[in-house]
Structure formats: structure tokens, C-alpha cells
Amino acid sequence: MVGLCGLFRDTWDRPSDRCCLFFPCLSEPARRSSLCLKVALVMLHLIYAGVLFLVDRDLIEKTRREPWYTALYVLLFVGTLAQYFFTSGSSPGYVLDAMRAANETDALFRKTSMNSKQPASSKNGSLIVSVDGNQLGRVLSGSNAASWTRLVMDMYPPGSSIRNWTCTYCNVVQPPRAKHCHDCDKCVLQFDHHCVWLGTCIGQGNHCRFWWYICEETTLCLWTGILYITYLKANISKMWWIDVIMILLLATLSISLIFLLLLLLFHSYLVLTNQSTYELVRRRRIPYLRGISERVYPFSKGACRNLYNFCCPQNSMYSLEPLPTAQELEEKLKPYTCLDCFILSLLLIIEALYFTIYIYIFKFYFLPHCNLL
Ligand SMILES: [Zn+2]
Ligand SMILES: [Zn+2]
Numbered sequence: 000m001v002g003l004c005g006l007f008r009d010t011w012d013r014p015s016d017r018c019c020l021f022f023p024c025l026s027e028p029a030r031r032s033s034l035c036l037k038v039a040l041v042m043l044h045l046i047y048a049g050v051l052f053l054v055d056r057d058l059i060e061k062t063r064r065e066p067w068y069t070a071l072y073v074l075l076f077v078g079t080l081a082q083y084f085f086t087s088g089s090s091p092g093y094v095l096d097a098m099r100a101a102n103e104t105d106a107l108f109r110k111t112s113m114n115s116k117q118p119a120s121s122k123n124g125s126l127i128v129s130v131d132g133n134q135l136g137r138v139l140s141g142s143n144a145a146s147w148t149r150l151v152m153d154m155y156p157p158g159s160s161i162r163n164w165t166c167t168y169c170n171v172v173q174p175p176r177a178k179h180c181h182d183c184d185k186c187v188l189q190f191d192h193h194c195v196w197l198g199t200c201i202g203q204g205n206h207c208r209f210w211w212y213i214c215e216e217t218t219l220c221l222w223t224g225i226l227y228i229t230y231l232k233a234n235i236s237k238m239w240w241i242d243v244i245m246i247l248l249l250a251t252l253s254i255s256l257i258f259l260l261l262l263l264l265f266h267s268y269l270v271l272t273n274q275s276t277y278e279l280v281r282r283r284r285i286p287y288l289r290g291i292s293e294r295v296y297p298f299s300k301g302a303c304r305n306l307y308n309f310c311c312p313q314n315s316m317y318s319l320e321p322l323p324t325a326q327e328l329e330e331k332l333k334p335y336t337c338l339d340c341f342i343l344s345l346l347l348i349i350e351a352l353y354f355t356i357y358i359y360i361f362k363f364y365f366l367p368h369c370n371l372l
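One point on numbering: in numbering that gives the first Met the number 0, the residue at position 213 of the sequence shown is 212, and numbering is uninterrupted.
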């Protein structure tokens with residue numbers, strides 16, 4: 000038995016060693032599992048679409064008659080996968096990168112203006128750090144680390160201890176809203192969560208891309224579900240084993256759709272209130288949020304401004320937000336104005352209508368023969 004196991008291990012190890020020789024990234028278990036997940040996700044997409052085009056003769060016929068219809072579906076399919084890889088490969092905004100960028104800006108600022116004592120530019124209460132891609136790779140010196148510390152500590156209330164905000168793993172001072180991710184082993188700005196499916200953290204740098212990915216995935220899931228229902232309505236009881244496969248696939252698709260829809264609504268709520276999943280879930284454990292009323296969103300600048308900052312981030316820049324003062328928090332405790340309530344309700348209604356309109360477009364334009372609603 001032991002000999003058999005040894006033989007099996009040898010037969011497996013040899014090709015895997017050869018594979019690691021050609022692709023060094025695969026030698027790390029974390030990268031290997033992330034790659035496996037990506038392959039599984041692509042396969043899952045291909046299975047759902049492939050089965051449909053394999054068994055649905057009506058859809059093939061429709062593709063011949065109206066090729067633009069299938070072209071639109073394929074475009075969404077490819078777009079969703081492209082968005083997945085785009086989000087997965089994007090940086091969530093690491094604190095170390097922001098620190099390098101801030102220090103480079105500081106060095107440039109010192110060169111141009113010897114009289115200035117400011118470490119970086121401050122604008123509208125939040126600090127904007129310019130990033131130049133060519134300058135990011137440089138190594139930090141001791142004086143640069145000190146300027147970052149000074150910069151970050153200005154964002155906390157006076158008298159705060161540096162030790163409380165220093166990450167023990169990265170040994171850097173964390174700005175407000177940053178958190179160390181144990182999966183990535185780095186501190187992330189505006190940490191939201193570590194997404195296992197994408198194999199990366201979601202933070203300040205890629206939250207917008209993540210939202211768009213969920214939106215596209217939800218739309219694709221909904222469209223595929225409608226195509227499955229259309230097939231079952233027209234072809235049920237023709238071949239029972241195909242029906243069983245299609246019903247099983249539709250059931251898992253429906254569960255995924257519900258999950259995605261809830262996720263999309265949840266992240267839309269976070270965007271409108273300028274919160275992160277981590278801040279919402281661990282509110283009582285985060286020192287700077289402890290004691291603040293549940294009704295107050297400390298970093299919110301109003302639904303419209305939050306939405307604008309989320310959709311139109313400053314290109315190639317890290318935005319660090321200081322903690323709100325006691326006076327600002329008191330102002331935020333006041334009930335929202337009628338205009339705020341109106342805009343917030345309008346945005347939520349638009350999102351709810353999005354799916355309703357989407358289904359009706361299918362009913363009246365794409366599937367006139369299908370009586371789904
Ligand atoms: Zn860290
Ligand atoms: Zn992470």
C-alpha cells in the first residue's frame with residue numbers, strides 16, 4: 000500500500016515539478032488555489048452557456064434569424080469575464096504604495112518649495128496623494144517613513160498614540176479606515192473584505208470595479224436564467240434527462256442570482272453611505288467607530304457626493320480621509336434634509352427599477368412569444 004502511494008506521489012510530483020519550472024508562480028499554494036478558482040469560475044460560465052447552446056434548437060434558430068441578439072449575450076458574457084479578471088488583477092490600494100507615493104510627493108514638494116513644512120497637499124479636509132508610476136518602486140528611507148507617520152497622525156485626534164495605529168505585521172502607521180489583510184499579508188486602504196472568488200482584497204482602489212463586476216454578473220445570471228426558463232417552457236417533457244439537467248442548472252442559477260442581487264444592493268447601500276463591509280460588520284470593535292451612534296455614517300458626505308467620489312475617483316491618486324471631529328459628528332447626527340432623503344430614495348428606486356425594466360425589455364422586445372410575467 001505504502002509503495003503504491005509512493006508510486007502515485009512520484010507520478011504526480013514529476014509533472015507538477017516540471018510545470019512549476021516553467022510557471023514559477025504555481026509553486027506557491029496560495030497562487031495555485033487562486034488560479035484553480037479562476038479556472039473553475041470560467042468553466043462554470045462556459046458550462047451554463049454551453050449547455051444552453053447545445054440543447055436549445057430554438058435559440059440556435061433565433062441566432063440565425065437575429066444574430067445581434069446572441070451577439071449581445073456573448074458580449075455580456077465576455078465582458079463579465081473580462082471585468083472579473085480586470086478586478087482580480089487590480090490593486091485594492093495598499094498602504095505601502097500610498098506611503099511611497101506620499102513620500103515621493105513630499106520629496107518633490109521639498110525640492111520645489113524649501114519653505115514649506117507640509118508633507119503633502121491637503122484639499123477639502125481629505126488628503127490627496129499624487130502617484131507617479133515611475134516613482135513608486137523606490138525604497139523608503141528613514142526620514143521618509145517619519146514624514147508618512149506625521150502625515151497620518153494628523154488625521155487622528157490630537158494626543159493619539161502612534162503605537163495604536165501601527166500595523167505589527169507591516170510595521171507602517173495605518174491611516175483611518177485601513178486594515179491589515181492576513182490573506183494578502185498587506186495593509187489595505189479603506190479595506191472592505193478579502194474576496195476569495197477574485198483572489199484579492201477589495202479596497203479603495205478596486206471597490207468601484209468590484210461593484211461593476213457584481214452588476215454585470217447579476218445581469219448575465221438573469222439573462223441566462225430567462226433563456227433556461229424559455230427553453231423549459233417550450234421543450235419540457237420531450238427528453239426527461241435533459242429536463243432534469245436543465246432544472247438542476249436553473250435551480251443553482253436562481254440561488255446564485257438571489258445571492259448576487261442581495262450583494263449588489265448591499266454594496267450599493269455601502270457606496271451611498273460611504274461605509275465598508277468591515278466597518279459595518281465590526282463597527283463596535285473598531286476603536287474610532289466605537290461610541291458613535293448607529294444612525295451616523297461618520298465618513299458620509301451626502302449620498303450624491305459619496306456616489307460621485309465612488310464613480311469618479313481621482314486618477315492615479317490615493318485619497319486618505321481624516322477622522323471626523325466631534326463637531327462634524329454632531330452635525331451628522333441631525334436628521335437628513337428633505338433633499339438628501341429625496342435623492343437617496345430616487346437612487347434606490349432607480350436601482351430597483353433597473354431589474355424590472357430589464358425583464359420587461361426581454362418580455363416585449365426579445366421574447367415576444369414568451370409569457371414569463
Ligand atoms: Zn499590515
Ligand atoms: Zn486580502
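Each residue gets a CB set at the ideal place from its N, CA and C atoms; glycine is no exception.
Residue i CB to nearest heavy atom of ligand 3 below 8 Å
i    : result
H192 : Only ligand 1 and ligand 2 can be found as ligands here, which leaves ligand 3 out of the picture.
DSSP-derived helix/strand/coil call for residue i
i    : result
H181 : coil
C311 : coil
S318 : strand
C373 : Shown here, the chain extends from 0 to 372; a query on residue 373 therefore has no answer.
T165 : strand
V187 : strand
Y93  : strand
I201 : strand
V77  : helix
V54  : helix
V41  : helix
S125 : Per-residue confidence for S125 stands at a pLDDT of 48, beneath the threshold of 50, marking its modelled position as unreliable; the derived number appears in the next sentence. Residue state, collapsed to three classes: strand.
V195 : coil
V172 : strand
K331 : helix
M98  : helix
Y296 : coil
K237 : coil
M152 : helix
G49  : helix
M0   : Because the pLDDT of M0 is 46, which lies under 50, any placement of that residue in the model is unreliable, and the number read from its coordinates should be weighed accordingly. The answer is coil: DSSP assigns M0 none of H, G, I, E or B.
N305 : helix
Q274 : coil
E65  : coil
Ligand 1 heavy atom lying under 8 Å from the CB of residue i
i    : result
Y277 : no
Q189 : no
V171 : yes
Y268 : no
V94  : yes
Y168 : yes
C311 : no
C340 : no
C214 : no
C303 : no
C186 : yes
C-alpha gap between residue i and residue j, whole angstroms
i    : j    : result
L264 : F309 : 15 Å
K110 : C186 : 29 Å
P323 : P175 : 10 Å
Y227 : L51  : 7 Å
C183 : L197 : 12 Å
A351 : S267 : 11 Å
H193 : K237 : 45 Å
Y155 : A177 : 13 Å
V151 : V172 : 7 Å
L43  : F76  : 12 Å
V73  : F85  : 18 Å
T148 : P66  : 59 Å
C214 : L288 : 30 Å
L279 : L34  : 30 Å
A302 : L271 : 5 Å
F61  : L221 : Phe is not the amino acid found at residue 61; the sequence shown has Lys there. Looking at the two C-alpha atoms, the distance is approximately 19 Å.
N305 : C311 : 10 Å
S344 : N102 : 42 Å
L58  : T223 : 12 Å
A100 : Y93  : 11 Å
V243 : Y47  : 14 Å
Q189 : W240 : 49 Å
L259 : L252 : 10 Å
N163 : R31  : 35 Å
Check: residue i C-beta below 8 Å from any heavy atom of ligand 2
i    : result
C183 : yes
C180 : yes
C200 : yes
P91  : yes
Cβ separation of residue i and residue j, assumed to be a contact under 8 Å, to the nearest whole Å
i    : j    : result
T217 : L256 : 7 Å
C180 : C200 : 5 Å
G204 : S90  : 5 Å
Y212 : Q326 : The Cβ separation is near 38 Å, so there is no contact.
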